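Have a look at the structure below before the remarks.
Number of protein chains: 2
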Amino acid sequence: MAGQLPIVDHTGMTVMPFATCLSRLRATPVGRVAFAQNGDIEVLPVNYQMLDTAVVFRTAEGSKLGAALQGKAVAFEIDEFDLTRRAGWSVLLQGRADLVADETTLRALDSIGLAPWPAGIARPEWVLIHADTVSGRCTSNW
Amino acid sequence: MAGQLPIVDHTGMTVMPFATCLSRLRATPVGRVAFAQNGDIEVLPVNYQMLDTAVVFRTAEGSKLGAALQGKAVAFEIDEFDLTRRAGWSVLLQGRADLVADETTLRALDSIGLAPWPAGIARPEWVLIHADTVSGRCTSNW
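And the structure:
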């Protein structure tokens, strides 16, 4: 059987399979959390890990970010570009954010040992983004 | 007079001056447009240019993106990371998006010659994001 033709969306980008999106999410160390707050859109880079199909990252106790994200629709985006070839890909995970309160999940999270980059500020809390949808696109020359 | 101490925000990141944010926006070829749509948050990488302090990029005629962005609060984010040093910076421009209809502005935009990366789909329309705020942060070791 011949290989499947790539699926191209209305913008001319090739649609990436779910498995590829997930493996890129697992292999990428930094992504961007985007959410609406007081009528504005916020976008914040974080270093993160995947826990199954959820994005997890640390935040400071009582942080504005944690409170702002609680229960809210958020997006998490990763991407990569090659300027010379004018090529690139991106993956978008959309879902809901929650501050983790469950002790079992917290122990699992503390054991993965994710350390935030900015030093000197304790970040004992964890934000978890449950994925509702995961989608990815790449240029045809990637 | 001694040099100024860097300003550090509540997350331990160093606040970047406006002039630095603007020069990074002018030097970076790809950024991410984030906006709310039907209760979800969308994040979409685009190659772009700056027109004074506005972000401009191309989109297809009658595109969903153009219609979705029209008059809406959007954010535009750029960043850079060095995984080895666990260092990075990001700039966030927040403002409103508009499809450009004014003939004079369109001529100015067409003359800057920005070509979208995905080939084969015409993108005769321009989206312009007027900046309301521009802010940037970096790790102390950047």
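Same order as they appear, the protein sequences are chains R and H. When we follow the numbering used here, the leftmost residue of the first sequence carries the number 356, and every step to the right adds one. When we follow the numbering used here, the leftmost residue of the second sequence carries the number 356, and every step to the right adds one. Beta carbons are placed, not taken as given, at the ideal position from N, Cα and C, and that holds for glycine. Computed from a predicted structure; not experimentally measured.
- A straight line joining the alpha-carbon of N393/R with that of S466/H spans about 37 Å.
- Considering only beta carbons, the part of the segment 437–457 of chain R lying closer than 8 Å to chain H consists of L438, R441, A442, G443, S445, L447 and Q449, in chain order.
- When the beta-carbon positions are compared, C376/R and S495/R stay at least 9 Å from each other.
- Within the segment 365–399 of chain H, those residues whose Cβ lies closer than 7 Å to any Cβ of chain R are, in chain order, T366, G367, M368, P384, V385, R387, A389, F390, A391, G394, D395, I396, E397 and V398.
- Every unbroken stretch of the beta strand (DSSP E) spanning 3 or more residues and falling wholly within the segment 363–437 of chain R is given here in chain order: 369–371, 385–392, 395–402, 404–406, 409–414 and 428–437.
- Not a single CB atom of chain H sits nearer than 9 Å to the CB of L483/R.
- When Cβ-Cβ separations below 9 Å define contact, T494/H makes contact with chain R.
- In the DSSP assignment, L461/H falls within the unbroken alpha helix (DSSP H) covering E458 to I467.
- Closer than 9 Å to the CB of E480/H there is not a single CB belonging to chain R.
- Taking a C-beta cut-off of 7 Å against chain R, the contacting residues of the segment 422–433 of chain H are A428, V429, A430 and E432, listed in chain order.
- The distance from the Cβ of A409/R to that of H485/R is about 5 Å, consistent with a contact at the 8 Å cut-off.
- Counting every other CB atom within 10 Å of its CB across the protein chains shown gives R381/R a total below 16, marking it as exposed.
- Straight across, the Cα-Cα distance linking W497/R with V446/R is about 14 Å.
- If the five residues before and after L406/H are omitted, its C-beta is found closer than 6 Å to no C-beta atom of its own chain.
- Taking one beta carbon from each stretch, the segment 437–456 of chain R and the segment 389–404 of chain H have 3 or more pairs nearer than 8 Å; the two touch.
- In the three-state scheme derived from DSSP, where H, G and I count as helix and E and B as strand, R440/R is classed as coil.
- Excluding the 5 residues flanking it on each side, Q449/H has same chain C-beta neighbours closer than 6 Å at A430, D487 and T488, in chain order.
- Counting only Cβ-Cβ distances below 9 Å, A415/H has contacts in chain R at H365, T366 and G367, in chain order.
- A distance of 9 Å or more separates the beta carbons of T366/R and A391/H.
- Residue environment for D457/H: exposed (fewer than 16 other C-beta atoms within 10 angstroms of its C-beta).
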